[in-house]
Amino acid sequence: MSTGTPIAEAAGLAAPAGTPALIQEPGTLAAFWRRLRARKSAVAGLVIVGLLILMAVFAPWIAPYDPTATDWGNVRGAPSFVHPFGGDEVGRDVLSRIIFGARASLGAGLVSVALAVSLGLPLGLLAGYAGGWIDGVISRLTDALLAIPFLILAIALAAFLGPSLVNAMIAIGLSATSTFIRLTRAQVRAVAAEEFVEAARAMGNPPWRIARVHILPNIVPAILVQATLTIAAAIIAEASLSFLGLGQQPPEPSWGAMLNTAKNFMDQAPWMAIWPGLSIFLAVLAFNLFGDGLRDALDPRQRT
Amino acid sequence: MLRFLVRRLALAVPTLILASMIIFALQQLLPGDVATALTGEERDPQVIAFIREKYHLDEPLPVRYAYWAGGVLRGDLGESIRLQKPVSELIVEKLPVTLELACLAMLVALAIGVPMGVLSAVKRGQAADTIANGIALWGLSVPNFWLGILLILLFSVELGWLPASGYVSPFESLSENLAAMVMPAFVLGNAIAAVMMRHTRAAMLGVLGSDYVRTARAKGVSPLRVTLRHALPNAAIPIITLGALEFGQLLSGAVLTEQVFSVPGFGKLMVDAVFNRDFATVQGVVICTAATYIALNLAADLLSAAVNPKLRRA
Amino acid sequence: MTKPLLDVRDLAVAFDTDGGAVHAVNGVSYTLHEGETLGIVGESGSGKSVHVLAMLGLIPRPPGRITGGQVLFEGRDLLALKERELRKIRGGAIGFVFQDPMSSLNPGMTVAAQIVEPLRIHLGLDARAARARARELLDLVRIPNAVARLDQYPHEFSGGQRQRVMIAIGLSCRPKLLIADEATTALDVTVQAEIVALVQELKRELGMAILWITHDLGVVAGISDTVQVMYAGRILERGPVDDIFSDPRNAYTLGLLRSLPDLSGGRAGRRRLHQIEGAPPDMRHPPPGDPFAPRNAFATPRCRTEMPPLAQAPGAAPGHLVAAWYDLPNLLRQEVAR
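As you go down the protein sequences, you meet chains U, G and S in turn. Counting from 9, one number per residue, gives the positions in the first sequence under this note's numbering. Counting from 1196, one number per residue, gives the positions in the second sequence under this note's numbering. Counting from 505, one number per residue, gives the positions in the third sequence under this note's numbering.
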C-alpha cells in the first residue's frame, strides 16, 4: 500500500489488474475531444473565442460604420437605435470601434503568444535536453527574466521600443517567453526520464530525432494549455499597454485605448467605458475558460 | 536553517545581477543614438556631449554596465532628466505610497481569497465551490483598470461616497488616506484574491485528504476545528510561498491602478517616466521592482521554513 | 450470550467513480463482544478498512456512500446517528489507531496538543488536567521521559514511538472499543512485535475490545481471539484464531496461510511458499457468486453464480463459520496445519 490515498486504494479504486484501461488512455484525439465537450464551461469558452475571431476577421462587413469616421452630431451621443453603443468624444461609433478593436486585442494575444512559444519552446527544449552549462545559462537567464514582473517588463520594453501596436506585441511576447522556457524545460526533463525515452536512446536514435518523435509530442499538451492561458494574460497586457498609451495609437481602435479616453468622460458618457471593458473581460474570460477546460481534458488526473 | 539561508542567498544574487544586466541592456533598444534619445527633444550639442560624457556613452556596453552597476551598488540610480533629481530620491519618495497600496491590496486578497478557497475546498463539488470558482474566474478575467473605472463611476460619480483620485498621506489624515486607498486597494487585490483562492483551494484539498485530518476526525474533533486548527496551518506553507510570488503581479497591477486613481506611487512614477522619455528613472524603477521581487521570494522561503517545525528545529 | 458491543448487519459501501460505482463492501455482518479481540484479515481492496471507516463516518462522502445495513454499537445504530452525535462516539467510546504514524499524526502540532484534544472534547478536562493526563498516557504506552517529550513534534519521534503516541491517542478516553487499522504495517518487524506486545499488555490492563485490521496473518495470530477473513467486500471465513490456522475451510484462507512463511522454527523451510494466482475482481462489476471463485481451483459451478452463506463449518469447532460451496481436500488442510 502506498501513501497516496489509502481509502481510495483500500476501496479498490486503484484500478485492479484486468480493468478496462479507462484512465490510462489519454492518447486518442477522439477521447480528448469527448472529455473537452463534456465540460460546458470549456465549450462556452471555445464558442466565444470562435465568435470573437469571426468578429475580428469580418469586422469591415459587420461594423455599421467606419470606426475612425467622426460625426459631430454623435459626440458623446447616448446609445440609440442608430448607434446602439453610443458615440465617443469625437462622435465615432462605439459599436464599430468595439468590433474593429477585436483585431488589436485578439491579434496581440495570438501574435505575442506565438512569438513567446516560438522563442521559448526551442530554448526550453535545448536547456532541458542538452543539460550542462547550456541549461545553466538558459535557466539563470530565465530566472532573471522572471524576476521582473510580466507587465513591468512589457511596459519597460514598450517604452524603449517606442509606442505602437507591433512593438506592444513584441514587448508582450518577449515578456512571456521566460514562462515557456521554464515550462518546456521542466516538461522535457520529466519526459526524458521516462523509460520509453531511455529505450529510444539505448537503441541509438539521434538526439534530435528523440526530441522530435518522443519528447515533443508528450510536452505539447502542457504547452497548449499554458499558451491558451497566456493568450488571456496577453490580451489584458495589450489592453493595459494601450490604456497607458503604449500600444495601439489613435485613431485606430483598441479596447484598452478606448478605455483610456473614456476615463476622462466618465460622468458624461459612461457607455464609452462600459463596452470596451466588457469586451476585454469577455475575451479574457473565454480564453481562461477554454484553457482551464483544456487542462482538465488533457490531464484527467487533475480533475476537480 | 543558516545553511538554508546561505544557499538561497547564493541563488538570489546572481539572478539579481543578471536581471540588472537585462534591464541595463534595454537602452540598446532605443532607436538611434542613445545620447540623443536620452536628452529627448533637447538638441543642444553641449547637453548631448555632457550626457555622452556623464554616462560614458563612448565606452563599450560592458564598461558602461560596470559604471552603472557600480553606481547602483552605491545607491546611485542615475539622474532623472525630466525632474532634475536623483532617481533614487524619487523612488524613496514614491515607494511608501505603493507599499501601502500593495499591503492593503494583499490584505484584501488574503481576506477574500483564503476564506473563499477554504470554503470551496471544504464544500468541494457543492454549490459553494462552484460559486467560489466562478468568482475566482471573474477576478482573473476582469481587467483591473476597467474595474477601477467602474468603481469610480459608481462610488464617486454616482454616489459620491469616495474620492475618485488623489492621495493623502496617512500622517496628515488617516481617514482621508484610507478613503482614497480603499478603491485602489480593492481593485488591485481583486485579481490576486482570485489567485489566492485557487492556491488555497488546491492546498486545502491536499491537506483535507491527508491521514492526519482523518485522525483528527477519528478523535471526534468538530469540522470547524479540523479545518482551522488541523488543515489550514498545514496548508499555509504553499499558500504563503505562492502568495509571495503574486507580489510581482501586485507590482504590475499597481502601475495601472495608480494610473486610474492618480495615486502618486511607484507605478505612476514609471508611467510618467516612460512618457517623458526619462529612461534612467524607468530603469531605476524596474531594477527596484526586480530586487523587491527577489527579496520577497527569499522572504517567502524563510517564512515557510519558519512555519515548518521540521526546518525550524533542525 | 450477552448483548454484543458491536453488531454489524449487512453493511454495504460503494464509491462513485467516473467508471461507475465501485462496490467496496457487499453485505458484511458480524458481532464483537466486550473485551473480545477480533482480527480482520484481507488484502488491500478487501473492504476491511473501508467498512470500519464507513461505519464511523470517516470515508469521504462523496464519492463514498453507505448503500445498506445497520451498525449497532451498544444498541445504537451508528449509521442513523447525526454527524454531531457520531462525533461524540469517535475518539470517545471508540478509539482509533491508524497505519503509518508519520502521516497520521499532524506534523504541525505538538504531541501534547494532539493527545489533549480528545480529552478536552470527550472528557471535558481543562487544559491543565488534560496535560497531566497526556503525560500519564505517554507513560502508559512506555515512552520514556514523557514530560520532556510532550512539547515535541511528531518528526522528533522514531517510527515505533510515533505509533505508541497514536495508541495513546486511541486509548486516551478509555474506549470500549479500540480500532487498529494496519497499526503495525509501516513498522520494522522487531518494532511490530513490540507494539503487539504493548497492545496485549494494555488490553489486559484496560479490558477494551479490539478490532485489529491487518493484511498480516502473522500479526493476527499473536493478538486475536477470533479471526475473520475478508475478500472483495465479503467475509469468507470466521472463527477462533487457532481453528482458522489449524483447520481452514475456505480456499482463500488456505491460500493466505500457504503464502505465510513458517516461523515456528524446527520444521522451517520444509514447506514451500505459495502465491495466490490471479487478481482480485473488478469491484465495479462484482461477480454474482463467490468473488474468489475465478482464482479458486476447487470452485464448483455453483460458486460462480451464487454467493455461499456464511455458516457453521461442518465438523469444525463451534463458531467457526465459512462461506463455501466446496470442501477443501484434507491433504491440503493438513499441510498448513501445525
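Quick reminder that beta carbons are idealized off the backbone N, C-alpha and C, glycines included.
> In chain order, what residues of the same chain have a beta carbon less than 8 Å from the beta carbon of residue 678(S), not counting five sequence neighbours either side?
Replying inline: Leaving aside the five residues that flank residue 678(S) on each side, the residues in its chain whose CB is nearer than 8 Å to its CB run, in chain order, 710, 712.
> Is there a Cβ from chain U that is less than 8 Å from the Cβ of residue 1200(G)?
Replying inline: With 8 Å as the cut-off, residue 1200(G) does not count as an interface residue toward chain U.
>> Using a Cβ-Cβ distance cut-off of 8 Å, determine whether residue 604(S) contacts chain G.
In response: yes
>> Give the list of continuous alpha helix (DSSP H) stretches no shorter than 4 residues that lie fully inside the stretch 1321-1356 of chain G.
In response: 1322-1336, 1339-1346
>> Suppose only complete runs of 3+ residues qualify. What are the beta strand (DSSP E) ranges in the stretch 94-170 of chain U, listed by chain order?
In response: none
> When the distance is taken between beta carbons, is residue 1303(G) closer than 8 Å to residue 1359(G)?
Replying inline: no
> Is DSSP giving residue 549(S) helix, strand or coil here?
Replying inline: coil
> Can you give the Cα-Cα distance for residue 819(S) and residue 806(S), rounded to whole angstroms?
Replying inline: 22 Å
> Nearest to residue 762(S) by CA position, among 720(S), 821(S), 823(S), is which residue?
Replying inline: Nearest of 720(S), 821(S), 823(S) to residue 762(S), Cα basis: 720(S).
> Where does residue 520(S) land, buried or exposed, given buried means 16+ other C-beta within 10 angstroms?
Replying inline: exposed
>> I believe residue 1301(G) touches residue 1327(G) by the beta-carbon criterion, under 8 Å. Please report the beta-carbon distance rounded to the nearest angstrom.
In response: Between residue 1327(G) and residue 1301(G) the Cβ distance is about 19 Å, and since that is not below 8 Å, they are no contact.
> Between 1378(G), 1368(G), 1309(G), 1218(G), which lies nearest to residue 1453(G) when the distance is taken from Cα to Cα?
Replying inline: 1378(G)
> CB residue 724(S) to CB residue 545(S), shorter than 8 Å?
Replying inline: yes
>> Our contact map puts residue 616(S) next to residue 655(S) with C-beta atoms below 8 Å; I'd like the distance itself, whole angstroms only.
In response: 6 Å
>> Closest to residue 594(S) by C-alpha separation, out of 641(S), 559(S), 535(S), would be which residue?
In response: 559(S)
>> Once DSSP output is grouped into helix, strand and coil, what is the label at residue 744(S)?
In response: In the displayed model, residue 744(S) falls within a strand according to three-state DSSP.
>> Within 8 Å, do at least three Cβ pairs link the stretch 1432-1448 of chain G to the stretch 1382-1394 of chain G?
In response: yes
>> Please tell me whether, using a cut-off of 7 Å, the distance from the CB of residue 806(S) to the nearest non-hydrogen atom of the ligand ATP is below it.
In response: The ligand ATP is not part of the structure shown, which contains no ligands of any sort.
> Buried or exposed: residue 641(S), going by 16 or more other Cβ atoms within 10 Å of its Cβ?
Replying inline: buried
>> Let me make sure I understand the geometry here. Which of 567(S), 573(S), 613(S) has the alpha-carbon closest to that of residue 1318(G)?
In response: 567(S)
>> Between residue 1301(G) and chain U, is the shortest Cβ-Cβ distance under 8 Å, so that the two count as touching?
In response: Taking Cβ atoms only, chain U never reaches closer than 8 Å to residue 1301(G), which makes this a no.
>> Can you pull the chain G neighbours of residue 296(U), defined as C-beta to C-beta under 9 Å?
In response: 1332, 1335, 1336
> Quick one: what's residue 848(S) bridged to in DSSP?
Replying inline: The question about residue 848(S) has no answer here: the residues shown for chain S are numbered 505 through 842.
>> By the 9 Å beta-carbon criterion, what residues does the stretch 1393-1416 of chain G contribute toward chain S?
In response: 1403, 1404, 1405, 1406, 1407, 1408, 1409, 1410, 1411, 1412, 1413, 1414, 1415, 1416
> Taking the Cβ atom as the reference point for each residue, do residue 1285(G) and residue 1464(G) lie within a distance shorter than 8 Å?
Replying inline: yes
>> For the beta strand (DSSP E) containing residue 78(U), name the first residue and the last one.
In response: Element bounds for residue 78(U): n/a, residue is neither H nor E.
> How big is the Cα-Cα spacing for residue 563(S) and residue 685(S)?
Replying inline: 14 Å
> Taking just the CA atoms, how far does residue 183(U) sit from residue 152(U)?
Replying inline: Roughly 12 Å separates the two Cα atoms.
> Going along chain U in order, which residues have a C-beta closer than 8 Å to the C-beta of residue 1510(G)?
Replying inline: Chain G is shown only over 1196 to 1509; residue 1510(G) falls outside these bounds and no answer can be derived.
>> Report the CB separation of residue 737(S) from residue 529(S) in whole angstroms; it is logged as a contact under 8 Å.
In response: 4 Å
> Is it the case that the Cβ atoms of residue 478(S) and residue 619(S) are separated by a distance below 8 Å?
Replying inline: One cannot answer for residue 478(S) here, as it falls past the ends of chain S, which runs 505 to 842.
> Using a C-beta to C-beta distance shorter than 7 Å, which residues of chain U count as neighbours of residue 1485(G)?
Replying inline: 155, 156
>> At the level of alpha carbons, what is the spacing between residue 73(U) and residue 1395(G)?
In response: 48 Å
>> Which of the three DSSP states is assigned to residue 1215(G) in this structure?
In response: helix
> What residue ranges within the stretch 1222-1292 of chain G form continuous alpha helix (DSSP H) runs of no fewer than 4 residues, ordered along the chain?
Replying inline: With a minimum length of 4 residues, the continuous alpha helix (DSSP H) runs that stay inside the stretch 1222-1292 of chain G are 1229-1234, 1240-1249, 1256-1268.
> Which chain G residues are close to residue 165(U), counting only those with a beta carbon under 8 Å from its beta carbon?
Replying inline: 1221, 1224
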